[in-house]
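Numbering (my numbering), first residue to last: 1129 to 1567.
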Amino acid sequence: MSIYGAMFSGVSGLNANSQAMGMISDNISNLNTIGYKHTNARFSTLVTNAASASQYAPGGVRSAPFQLVDRQGLLQASANQTDLAISGSGFFTVNESPISGAGRYLYTRAGEFSVDSNGYLVNNGGYYLQGWPTLPNGSYDVDLDGVADASVPDPTSLTNLQPIQVSSLTGTATPTSNVTLALNLPATAAVSDTQSLTVLVYDSLGVGHNVALQWTKTVAAPATWTVEATGMTRADNGSASTQGATLASFPITLNTVVFNGDGTPASFAPAALAVPSADWTTAASAGSISFGLGTANQADGITQFASNYTISSINQDGVTFGRFQSIEVSDDGQVTALFDNGGRRSIYKLPIATFSNPSALQAESGNAWSESVAAGNVFLNPAGTASAGLVSPSSLESSTVDLGEEFTKMIITQRAFSANTRTITTADQMLEELVRIKR
1129 MSIYGAMFSG VSGLNANSQA MGMISDNISN LNTIGYKHTN ARFSTLVTNA ASASQYAPGG
1189 VRSAPFQLVD RQGLLQASAN QTDLAISGSG FFTVNESPIS GAGRYLYTRA GEFSVDSNGY
1249 LVNNGGYYLQ GWPTLPNGSY DVDLDGVADA SVPDPTSLTN LQPIQVSSLT GTATPTSNVT
1309 LALNLPATAA VSDTQSLTVL VYDSLGVGHN VALQWTKTVA APATWTVEAT GMTRADNGSA
1369 STQGATLASF PITLNTVVFN GDGTPASFAP AALAVPSADW TTAASAGSIS FGLGTANQAD
1429 GITQFASNYT ISSINQDGVT FGRFQSIEVS DDGQVTALFD NGGRRSIYKL PIATFSNPSA
1489 LQAESGNAWS ESVAAGNVFL NPAGTASAGL VSPSSLESST VDLGEEFTKM IITQRAFSAN
1549 TRTITTADQM LEELVRIKR
(Lines of atoms letter the chains of each structure in order from A and count residues from 1; the text may use other names and numbers.)
(Lines give C-alpha, C1' and ligand atoms only; values in the text may rest on other atoms or scores of the structure.)
Protein backbone atom coordinates (compact mmCIF):
# COMPACT_ATOMS: atom_id res chain seq x y z
CA MET A 1 0.00 0.00 0.00
CA SER A 2 1.34 3.43 -0.96
CA ILE A 3 0.60 4.96 2.45
CA TYR A 4 2.73 2.34 4.16
CA GLY A 5 5.33 2.82 1.41
CA ALA A 6 5.35 6.54 2.11
CA MET A 7 6.01 5.85 5.79
CA PHE A 8 8.86 3.43 5.01
CA SER A 9 10.29 5.94 2.52
CA GLY A 10 10.21 8.58 5.24
CA VAL A 11 11.95 6.21 7.63
CA SER A 12 14.71 5.61 5.07
CA GLY A 13 15.05 9.39 4.77
CA LEU A 14 15.40 9.69 8.53
CA ASN A 15 18.08 6.98 8.54
CA ALA A 16 19.99 8.44 5.61
CA ASN A 17 20.03 11.95 7.04
CA SER A 18 20.92 10.63 10.49
CA GLN A 19 24.00 9.03 8.94
CA ALA A 20 24.77 12.25 7.11
CA MET A 21 24.59 14.16 10.39
CA GLY A 22 27.00 11.64 11.90
CA MET A 23 29.47 12.33 9.08
CA ILE A 24 29.12 16.07 9.62
CA SER A 25 29.69 15.58 13.33
CA ASP A 26 32.84 13.53 12.64
CA ASN A 27 34.13 16.20 10.27
CA ILE A 28 33.65 18.98 12.81
CA SER A 29 35.20 16.94 15.63
CA ASN A 30 38.29 16.35 13.43
CA LEU A 31 38.63 19.97 12.41
CA ASN A 32 42.12 20.11 13.97
CA THR A 33 43.19 16.53 13.23
CA ILE A 34 46.40 16.58 11.20
CA GLY A 35 45.98 14.99 7.77
CA TYR A 36 42.26 14.31 8.23
CA LYS A 37 40.19 14.07 5.03
CA HIS A 38 36.56 15.16 5.41
CA THR A 39 33.74 12.75 4.62
CA ASN A 40 30.77 13.56 2.42
CA ALA A 41 27.39 11.79 2.46
CA ARG A 42 26.40 10.56 -0.97
CA PHE A 43 22.70 9.87 -1.37
CA SER A 44 21.22 7.36 -3.81
CA THR A 45 17.64 6.30 -4.51
CA LEU A 46 16.04 2.99 -3.59
CA VAL A 47 13.65 1.88 -6.32
CA THR A 48 10.96 -0.76 -5.78
CA ASN A 49 10.65 -3.14 -8.70
CA ALA A 50 6.85 -3.34 -8.23
CA ALA A 51 6.49 0.15 -9.66
CA SER A 52 4.75 0.35 -13.02
CA ALA A 53 3.46 2.96 -15.44
CA SER A 54 0.07 3.06 -13.73
CA GLN A 55 1.10 2.47 -10.12
CA TYR A 56 3.95 3.92 -8.09
CA ALA A 57 5.62 1.98 -5.28
CA PRO A 58 7.72 4.18 -3.00
CA GLY A 59 11.27 3.08 -2.44
CA GLY A 60 13.30 5.54 -0.42
CA VAL A 61 16.86 6.73 -0.11
CA ARG A 62 20.13 5.61 1.37
CA SER A 63 23.39 7.40 2.11
CA ALA A 64 26.96 6.18 1.90
CA PRO A 65 30.14 7.84 3.17
CA PHE A 66 32.67 9.07 0.64
CA GLN A 67 36.02 10.34 1.90
CA LEU A 68 38.00 12.63 -0.37
CA VAL A 69 41.31 11.00 0.49
CA ASP A 70 43.23 12.55 -2.40
CA ARG A 71 42.28 16.13 -1.53
CA GLN A 72 45.30 18.23 -0.52
CA GLY A 73 45.12 20.01 2.82
CA LEU A 74 46.88 23.27 3.57
CA LEU A 75 50.47 22.93 4.79
CA GLN A 76 51.39 24.69 8.01
CA ALA A 77 54.91 25.29 9.28
CA SER A 78 56.15 23.44 12.35
CA ALA A 79 59.17 23.92 14.61
CA ASN A 80 59.57 20.16 14.98
CA GLN A 81 62.10 18.63 12.56
CA THR A 82 60.29 15.29 12.55
CA ASP A 83 56.94 16.77 11.54
CA LEU A 84 56.39 15.82 7.90
CA ALA A 85 53.81 16.54 5.24
CA ILE A 86 53.37 15.53 1.61
CA SER A 87 52.93 18.15 -1.07
CA GLY A 88 51.11 16.31 -3.83
CA SER A 89 49.84 12.77 -4.14
CA GLY A 90 50.67 9.81 -1.95
CA PHE A 91 50.95 8.61 1.62
CA PHE A 92 53.58 7.83 4.22
CA THR A 93 53.89 4.09 4.76
CA VAL A 94 53.53 3.08 8.40
CA ASN A 95 53.21 -0.15 10.36
CA GLU A 96 51.34 -1.11 13.50
CA SER A 97 54.47 -2.77 14.93
CA PRO A 98 58.07 -1.58 15.39
CA ILE A 99 59.24 -5.06 14.36
CA SER A 100 59.91 -5.20 10.65
CA GLY A 101 57.09 -6.98 8.81
CA ALA A 102 55.32 -8.05 12.01
CA GLY A 103 52.20 -5.86 11.78
CA ARG A 104 49.93 -4.51 9.09
CA TYR A 105 51.19 -1.90 6.68
CA LEU A 106 48.95 1.16 6.60
CA TYR A 107 49.07 4.52 4.83
CA THR A 108 48.64 7.98 6.30
CA ARG A 109 48.99 11.69 5.67
CA ALA A 110 49.25 12.35 9.41
CA GLY A 111 52.93 13.24 9.68
CA GLU A 112 53.31 14.47 13.27
CA PHE A 113 56.11 12.00 13.99
CA SER A 114 58.22 11.99 17.13
CA VAL A 115 60.92 9.75 18.58
CA ASP A 116 59.57 7.28 21.13
CA SER A 117 61.44 5.75 24.07
CA ASN A 118 62.99 3.12 21.81
CA GLY A 119 64.14 5.59 19.19
CA TYR A 120 61.45 4.83 16.58
CA LEU A 121 59.61 7.54 14.66
CA VAL A 122 55.93 7.14 15.55
CA ASN A 123 52.92 9.40 14.91
CA ASN A 124 49.98 10.28 17.16
CA GLY A 125 48.04 7.31 15.84
CA GLY A 126 50.73 4.98 17.21
CA TYR A 127 51.99 3.96 13.76
CA TYR A 128 55.69 3.52 12.99
CA LEU A 129 57.16 5.30 9.96
CA GLN A 130 58.77 3.01 7.39
CA GLY A 131 61.71 3.67 5.06
CA TRP A 132 64.31 2.07 2.84
CA PRO A 133 67.69 1.68 4.63
CA THR A 134 70.59 3.51 3.00
CA LEU A 135 74.35 3.67 3.28
CA PRO A 136 76.00 6.87 4.57
CA ASN A 137 76.46 8.09 0.98
CA GLY A 138 72.72 7.86 0.31
CA SER A 139 72.68 4.71 -1.84
CA TYR A 140 70.09 2.02 -1.06
CA ASP A 141 70.96 -0.96 1.13
CA VAL A 142 67.63 -2.72 1.68
CA ASP A 143 69.28 -6.09 2.34
CA LEU A 144 71.44 -4.53 5.07
CA ASP A 145 74.64 -6.14 3.79
CA GLY A 146 76.63 -2.91 3.79
CA VAL A 147 76.90 -2.91 -0.01
CA ALA A 148 75.03 -0.49 -2.26
CA ASP A 149 72.10 -2.06 -4.11
CA ALA A 150 72.29 -2.17 -7.89
CA SER A 151 68.87 -0.60 -8.41
CA VAL A 152 66.00 1.24 -6.79
CA PRO A 153 63.95 -1.03 -4.47
CA ASP A 154 61.00 -2.87 -6.01
CA PRO A 155 58.07 -0.37 -5.97
CA THR A 156 55.53 -3.17 -5.45
CA SER A 157 57.26 -4.80 -2.47
CA LEU A 158 56.67 -3.85 1.16
CA THR A 159 59.18 -6.37 2.49
CA ASN A 160 62.13 -4.04 1.77
CA LEU A 161 60.90 -1.51 4.31
CA GLN A 162 62.33 -1.03 7.79
CA PRO A 163 60.94 0.98 10.74
CA ILE A 164 62.96 4.17 11.07
CA GLN A 165 64.98 4.04 14.27
CA VAL A 166 67.53 6.62 15.38
CA SER A 167 68.45 5.45 18.90
CA SER A 168 70.91 2.90 17.49
CA LEU A 169 73.03 5.64 15.92
CA THR A 170 76.33 6.01 17.70
CA GLY A 171 78.83 8.82 17.47
CA THR A 172 81.08 9.02 14.47
CA ALA A 173 84.34 10.58 13.32
CA THR A 174 85.32 11.30 9.72
CA PRO A 175 88.98 11.23 8.64
CA THR A 176 90.28 14.04 6.51
CA SER A 177 90.60 13.09 2.87
CA ASN A 178 90.61 16.51 1.19
CA VAL A 179 92.15 19.85 2.06
CA THR A 180 91.56 22.97 -0.04
CA LEU A 181 93.70 26.07 0.27
CA ALA A 182 93.18 29.63 -0.92
CA LEU A 183 96.13 31.97 -0.41
CA ASN A 184 98.32 34.52 -2.16
CA LEU A 185 102.07 34.07 -2.55
CA PRO A 186 104.04 37.33 -2.96
CA ALA A 187 105.12 37.89 -6.56
CA THR A 188 108.13 39.89 -5.33
CA ALA A 189 109.59 36.95 -3.44
CA ALA A 190 113.09 35.87 -4.39
CA VAL A 191 114.11 32.32 -5.24
CA SER A 192 114.46 30.25 -2.04
CA ASP A 193 112.08 32.51 -0.11
CA THR A 194 109.65 30.49 2.04
CA GLN A 195 106.18 30.92 3.57
CA SER A 196 104.56 28.55 6.06
CA LEU A 197 101.17 27.54 7.43
CA THR A 198 99.65 24.78 9.55
CA VAL A 199 96.62 22.67 8.59
CA LEU A 200 94.55 20.76 11.15
CA VAL A 201 93.49 17.31 9.91
CA TYR A 202 91.77 14.32 11.56
CA ASP A 203 92.49 10.60 11.49
CA SER A 204 89.82 7.86 11.42
CA LEU A 205 89.52 7.97 15.22
CA GLY A 206 88.79 11.68 15.21
CA VAL A 207 92.18 12.67 16.65
CA GLY A 208 93.48 15.99 15.36
CA HIS A 209 96.93 16.39 13.82
CA ASN A 210 98.74 19.55 12.76
CA VAL A 211 100.40 19.27 9.37
CA ALA A 212 103.13 21.88 8.88
CA LEU A 213 103.30 23.10 5.26
CA GLN A 214 106.04 25.22 3.71
CA TRP A 215 105.96 27.09 0.40
CA THR A 216 109.31 27.63 -1.32
CA LYS A 217 109.90 29.67 -4.48
CA THR A 218 112.13 27.50 -6.66
CA VAL A 219 112.14 29.23 -10.08
CA ALA A 220 111.92 32.94 -10.88
CA ALA A 221 110.52 32.71 -14.43
CA PRO A 222 108.11 31.26 -14.95
CA ALA A 223 107.39 31.70 -11.26
CA THR A 224 107.34 28.28 -9.62
CA TRP A 225 106.54 27.40 -6.02
CA THR A 226 106.73 24.04 -4.25
CA VAL A 227 104.67 23.12 -1.18
CA GLU A 228 106.01 20.52 1.22
CA ALA A 229 104.74 18.81 4.36
CA THR A 230 107.59 19.35 6.78
CA GLY A 231 106.14 17.54 9.78
CA MET A 232 103.06 16.39 11.69
CA THR A 233 102.25 16.64 15.39
CA ARG A 234 99.30 15.70 17.59
CA ALA A 235 96.94 18.63 17.93
CA ASP A 236 95.95 17.71 21.49
CA ASN A 237 99.32 17.53 23.24
CA GLY A 238 101.94 18.34 20.63
CA SER A 239 103.57 14.91 20.63
CA ALA A 240 104.73 13.35 17.38
CA SER A 241 101.96 12.07 15.16
CA THR A 242 104.28 9.72 13.33
CA GLN A 243 106.92 7.49 14.74
CA GLY A 244 110.27 5.91 13.96
CA ALA A 245 111.89 6.28 10.58
CA THR A 246 108.78 7.87 9.07
CA LEU A 247 109.85 11.20 10.54
CA ALA A 248 112.91 11.02 8.35
CA SER A 249 110.69 11.00 5.26
CA PHE A 250 109.81 14.64 5.85
CA PRO A 251 109.77 16.96 4.04
CA ILE A 252 107.26 15.39 1.62
CA THR A 253 106.71 17.32 -1.60
CA LEU A 254 102.97 17.69 -2.06
CA ASN A 255 102.68 19.94 -5.09
CA THR A 256 104.54 22.15 -7.53
CA VAL A 257 102.71 25.16 -8.94
CA VAL A 258 103.78 27.13 -12.02
CA PHE A 259 102.15 30.57 -12.33
CA ASN A 260 101.03 32.58 -15.35
CA GLY A 261 102.05 36.15 -15.88
CA ASP A 262 98.62 37.32 -14.65
CA GLY A 263 99.05 35.73 -11.20
CA THR A 264 96.86 32.69 -11.80
CA PRO A 265 98.24 29.14 -11.63
CA ALA A 266 99.20 27.69 -15.02
CA SER A 267 99.75 24.09 -13.94
CA PHE A 268 99.94 21.77 -10.95
CA ALA A 269 101.98 18.69 -10.22
CA PRO A 270 99.49 17.14 -7.77
CA ALA A 271 100.37 14.70 -5.04
CA ALA A 272 98.76 13.43 -1.84
CA LEU A 273 100.09 12.99 1.67
CA ALA A 274 99.79 9.25 2.33
CA VAL A 275 99.75 8.21 5.97
CA PRO A 276 100.16 4.44 6.63
CA SER A 277 98.20 3.09 9.60
CA ALA A 278 101.39 2.15 11.43
CA ASP A 279 102.46 5.78 11.39
CA TRP A 280 99.52 7.17 13.33
CA THR A 281 100.43 7.04 17.02
CA THR A 282 96.67 6.68 17.64
CA ALA A 283 96.59 3.38 15.69
CA ALA A 284 94.01 4.87 13.36
CA SER A 285 93.27 3.36 9.96
CA ALA A 286 95.44 4.18 6.98
CA GLY A 287 94.42 7.08 4.78
CA SER A 288 95.61 9.69 2.34
CA ILE A 289 94.98 13.43 2.21
CA SER A 290 94.69 15.24 -1.11
CA PHE A 291 95.46 18.95 -1.27
CA GLY A 292 93.36 21.07 -3.64
CA LEU A 293 95.01 24.30 -4.70
CA GLY A 294 92.48 25.67 -7.16
CA THR A 295 91.85 25.57 -10.91
CA ALA A 296 94.38 26.28 -13.63
CA ASN A 297 94.07 29.78 -15.13
CA GLN A 298 91.59 30.87 -12.47
CA ALA A 299 92.06 32.85 -9.28
CA ASP A 300 89.97 30.49 -7.15
CA GLY A 301 92.71 29.00 -4.98
CA ILE A 302 96.44 29.74 -5.03
CA THR A 303 97.48 33.03 -6.62
CA GLN A 304 100.68 35.07 -6.99
CA PHE A 305 100.20 38.81 -6.95
CA ALA A 306 102.35 41.69 -5.80
CA SER A 307 100.97 41.66 -2.29
CA ASN A 308 101.78 40.20 1.08
CA TYR A 309 101.53 36.50 1.88
CA THR A 310 97.82 36.17 2.71
CA ILE A 311 95.82 33.09 3.68
CA SER A 312 92.19 33.44 2.58
CA SER A 313 90.82 30.04 3.61
CA ILE A 314 91.77 26.55 4.74
CA ASN A 315 89.05 23.92 4.44
CA GLN A 316 89.17 20.22 5.21
CA ASP A 317 86.45 17.57 5.28
CA GLY A 318 87.38 15.64 8.43
CA VAL A 319 85.56 15.94 11.76
CA THR A 320 86.33 14.84 15.27
CA PHE A 321 84.10 12.43 17.19
CA GLY A 322 80.48 13.59 17.37
CA ARG A 323 77.32 12.32 19.05
CA PHE A 324 73.94 11.94 17.42
CA GLN A 325 71.94 15.14 17.75
CA SER A 326 68.90 15.12 15.47
CA ILE A 327 67.60 14.11 12.06
CA GLU A 328 66.88 16.10 8.94
CA VAL A 329 64.52 15.15 6.12
CA SER A 330 64.86 16.58 2.61
CA ASP A 331 62.06 17.12 0.10
CA ASP A 332 63.07 13.95 -1.76
CA GLY A 333 62.58 11.91 1.41
CA GLN A 334 66.24 11.49 2.36
CA VAL A 335 66.55 11.04 6.14
CA THR A 336 69.92 12.28 7.39
CA ALA A 337 71.36 11.94 10.89
CA LEU A 338 73.05 15.08 12.24
CA PHE A 339 75.88 14.93 14.76
CA ASP A 340 77.12 17.62 17.13
CA ASN A 341 80.47 17.77 15.34
CA GLY A 342 78.80 18.92 12.13
CA GLY A 343 78.89 15.44 10.60
CA ARG A 344 76.01 14.08 8.52
CA ARG A 345 75.04 10.53 7.63
CA SER A 346 72.26 9.30 5.37
CA ILE A 347 70.25 6.57 7.13
CA TYR A 348 66.91 6.08 5.31
CA LYS A 349 64.92 7.08 2.23
CA LEU A 350 61.17 7.60 2.64
CA PRO A 351 58.98 5.96 -0.01
CA ILE A 352 55.72 7.64 -1.02
CA ALA A 353 52.86 5.17 -1.50
CA THR A 354 50.41 5.86 -4.33
CA PHE A 355 47.20 4.18 -5.52
CA SER A 356 45.17 4.45 -8.71
CA ASN A 357 42.00 5.13 -6.68
CA PRO A 358 43.02 6.41 -3.22
CA SER A 359 39.47 7.42 -2.28
CA ALA A 360 38.56 3.72 -2.18
CA LEU A 361 41.04 2.94 0.60
CA GLN A 362 39.59 1.51 3.82
CA ALA A 363 39.61 4.00 6.71
CA GLU A 364 41.30 2.88 9.93
CA SER A 365 41.48 4.37 13.42
CA GLY A 366 44.38 6.72 13.96
CA ASN A 367 43.78 8.62 10.70
CA ALA A 368 45.23 5.91 8.48
CA TRP A 369 44.01 3.80 5.59
CA SER A 370 44.46 0.19 4.57
CA GLU A 371 44.50 -1.36 1.12
CA SER A 372 41.35 -2.45 -0.66
CA VAL A 373 40.61 -4.13 -3.98
CA ALA A 374 38.87 -1.02 -5.32
CA ALA A 375 41.86 1.20 -4.49
CA GLY A 376 44.22 -0.81 -6.70
CA ASN A 377 47.76 -1.95 -6.03
CA VAL A 378 50.17 0.06 -3.95
CA PHE A 379 53.28 1.54 -5.57
CA LEU A 380 56.24 2.78 -3.54
CA ASN A 381 58.34 5.43 -5.27
CA PRO A 382 60.94 7.92 -4.09
CA ALA A 383 59.42 11.33 -3.39
CA GLY A 384 59.11 13.48 -6.49
CA THR A 385 59.22 10.56 -8.94
CA ALA A 386 56.38 9.02 -10.94
CA SER A 387 53.15 10.31 -9.38
CA ALA A 388 54.57 10.59 -5.85
CA GLY A 389 54.51 14.01 -4.20
CA LEU A 390 57.37 15.73 -2.41
CA VAL A 391 58.07 15.59 1.31
CA SER A 392 57.67 18.89 3.10
CA PRO A 393 59.88 18.76 6.23
CA SER A 394 58.99 20.70 9.38
CA SER A 395 55.42 20.96 8.11
CA LEU A 396 52.04 19.44 8.85
CA GLU A 397 49.03 19.00 6.60
CA SER A 398 45.86 20.57 7.97
CA SER A 399 42.48 18.89 7.98
CA THR A 400 40.45 19.43 4.80
CA VAL A 401 37.32 20.22 6.83
CA ASP A 402 35.71 23.57 5.93
CA LEU A 403 33.73 24.66 9.00
CA GLY A 404 31.44 26.97 7.03
CA GLU A 405 30.61 24.20 4.58
CA GLU A 406 29.89 21.75 7.41
CA PHE A 407 27.51 24.14 9.18
CA THR A 408 25.68 24.74 5.91
CA LYS A 409 25.33 21.01 5.32
CA MET A 410 24.15 20.64 8.92
CA ILE A 411 21.28 23.06 8.33
CA ILE A 412 20.29 21.30 5.10
CA THR A 413 20.47 17.88 6.76
CA GLN A 414 18.43 19.05 9.72
CA ARG A 415 15.72 20.42 7.40
CA ALA A 416 15.69 17.21 5.38
CA PHE A 417 15.34 15.16 8.56
CA SER A 418 12.46 17.37 9.75
CA ALA A 419 10.74 17.11 6.37
CA ASN A 420 10.89 13.33 6.52
CA THR A 421 9.28 13.36 9.96
CA ARG A 422 6.46 15.38 8.42
CA THR A 423 6.05 12.71 5.73
CA ILE A 424 5.65 10.05 8.40
CA THR A 425 3.25 12.20 10.42
CA THR A 426 1.11 12.96 7.37
CA ALA A 427 1.00 9.31 6.31
CA ASP A 428 -0.03 8.42 9.85
CA GLN A 429 -2.88 10.93 9.68
CA MET A 430 -3.99 9.46 6.36
CA LEU A 431 -4.06 5.97 7.92
CA GLU A 432 -6.08 7.31 10.83
CA GLU A 433 -8.63 8.78 8.43
CA LEU A 434 -8.79 5.47 6.63
CA VAL A 435 -9.51 3.62 9.87
CA ARG A 436 -12.35 6.03 10.68
CA ILE A 437 -14.21 4.99 7.50
CA LYS A 438 -15.24 1.82 9.34
CA ARG A 439 -16.97 3.78 12.10
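Beta carbons: idealized from backbone N, C-alpha and C, even for Gly. Since the model is a prediction, treat every value here as computed from it, not as a measurement.
Asked, Found
"Specify the secondary structure class of G1188 as computed by DSSP and reduced to three states.", "strand"
"Helix, strand or coil for L1257? Go by DSSP, reduced to three states.", "strand"
"So, at 8 Å on beta carbons, what are the nonlocal neighbours of L1562 in its own chain, with the 5 sequence-adjacent residues on each side left out?", "I1131"
"In three-state DSSP terms, what is Q1147?", "helix"
"For E1525 and I1227, what's the separation of their Cα atoms in angstroms?", "27 Å"
"Going by the C-beta, is D1321 closer than 6 Å to any heavy atom of the ligand SAH?", "Annotation note on the ligand SAH: not contained in the displayed structure, which lists no ligands."
"Within 10 angstroms of the Cβ of A1233, are there 16 or more other Cβ atoms? Answer buried if so, exposed if not.", "Here the sequence assigns Tyr to residue 1233, which means Ala is not the residue at that position. Y1233 comes out buried."
"With C-beta atoms as the reference, is G1420 less than 7 Å away from V1447?", "no"
"Relative to the C-alpha of G1253, which residue among N1312, L1311, G1163 and G1274 is closest?", "G1163"
"If contacts are defined as beta-carbon pairs under 8 Å, then S1215 and L1203 qualify, I think. What distance do you get, rounded to the angstrom?", "6 Å"
"Which full runs of the beta strand (DSSP E) of 3+ residues lie inside the region 1266-1332, going along the chain?", "1300-1302, 1306-1314 and 1322-1330"
"Which residues in the same chain have their Cβ closer than 6 Å to the Cβ of L1559, if we skip the five residues on either side of it in sequence?", "I1131"
"Taking all protein chains shown into account, do 16 or more other C-beta atoms lie within 10 angstroms of the C-beta of G1389, making it buried, or fewer, making it exposed?", "exposed"
"Looking at C-alpha atoms only, which residue of P1521, F1220, Y1330 and S1454 is the closest neighbour of S1305?", "Y1330"
"Are the beta-carbon atoms belonging to N1509 and I1475 less than 7 Å from one another?", "no"
"How about Q1293 and G1247: are their beta carbons less than 7 Å apart?", "yes"
"In chain order, which continuous runs of the beta strand (DSSP E) of length 3 or greater are located wholly inside the region 1430-1470?", "1430-1433, 1438-1444, 1447-1450, 1452-1457 and 1462-1467"
"Look at P1379 and F1387 and say whether their C-beta atoms are less than 7 Å apart.", "no"
"From the DSSP output, in three-state form, read off S1515 for me.", "coil"
"Residues in the same chain with beta-carbon distance under 8 Å from F1545, minus the five sequence neighbours each way, listed in chain order, please.", "G1141, L1142, N1145, S1146 and M1149"
"Excluding the five sequence neighbours on either side, which residues of its own chain have a C-beta within less than 8 Å of the C-beta of A1502, listed in chain order?", "N1485 and A1488"
"Beta-carbon separation of V1385 and W1408 under 7 Å?", "no"
"Starting from the Cα of V1275, find the closest Cα among T1361, L1263, S1285 and R1170 and give me that residue.", "L1263"
"Go ahead and label R1473 buried or exposed: buried means 16 or more other beta carbons lie within 10 angstroms of its beta carbon, across all protein chains shown.", "buried"
"Classify F1545 as helix, strand or coil using the three-state DSSP reduction.", "helix"
"Among A1412, V1355, D1154 and D1530, whose alpha-carbon lies nearest the alpha-carbon of S1399?", "The residue you asked about is not Ser; residue 1399 is Ala in the sequence shown. Ranking A1412, V1355, D1154 and D1530 by Cα distance to A1399 puts V1355 first."
"Can you tell me which residues form a DSSP beta bridge with M1360?", "V1339"
"Look up D1211 in the DSSP assignment and give the residues it is bridged to.", "E1240"
"Which of helix, strand or coil does DSSP assign to G1138?", "helix"
"Leaving aside the five residues before and after S1332 along the sequence, list all residues of the same chain whose C-beta is less than 6 Å from its C-beta, in chain order.", "P1303, A1412 and S1413"
"With 16 as the cutoff for other CB atoms within 10 Å, does D1468 come out buried or exposed?", "exposed"
"Strictly by DSSP, which residues pair up with S1491?", "Before going further, note that residue 1491 is Ala rather than Ser in the sequence given. Partner(s): W1497."
"A1400 bridges to which residues according to DSSP?", "S1418"
"So for S1157, helix, strand or coil by DSSP?", "helix"
"Within 7 Å of any Cβ in chain C, is that where the Cβ of P1226 sits?", "Of the protein chains in the structure, only one exists, and it is not chain C."
"Cβ atoms of V1222 and T1236: under 7 Å apart, would you say?", "yes"
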